Amino acid sequence: MTTMTSSTTRDEAREVRAWRFCALRRAGYPDRAAATIADARHVVLHQAVSLLASGCPLETALAILL
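Taking the working numbering, the leading residue of the sequence shown gets 10, the next gets one more, and so forth.
Okay, structure coming up:
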């Protein structure tokens with residue numbers, strides 16, 4: 010049972026990361042930045058998307074978020 014739970018947890022984490030990455034790409038982040046932000050669990054996705062949507066330059070958004 011532990012193996013199944015551990016495997017399920019890893020699968021869910023991968024799905025969440027993929028979902029975050031896709032949302033960040035749709036918001037306009039380039040691949041590398043989207044991957045970095047998607048991996049940073051402390052970053053609130055809504056804030057990351059809002060920064061670019063409000064015209065914040067990419068480098069500034071990354072400095073704020075990371």
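Glycine included, C-beta positions come from ideal geometry on N, C-alpha and C.
Remember, it's a predicted structure, so these values are computed and weren't measured experimentally.
Count the other C-beta atoms from every protein chain shown that fall within 10 angstroms of the C-beta of residue i, then say buried if there are 16 or more, exposed otherwise.
i: Ile-46; result: buried
i: Arg-35; result: exposed
i: Arg-29; result: buried
i: Ala-57; result: buried
Tell me where the alpha helix (DSSP H) around residue i begins and ends.
i: Val-58; result: 54-62
i: Leu-75; result: Neither: Leu-75 is in no alpha helix (DSSP H) and is coded neither H nor E.
Next on the checklist: Extract the residue ranges of the alpha helix (DSSP H) inside the stretch 23-58, only unbroken runs of 4 or more that lie entirely within it.
Outcome noted: 40-48
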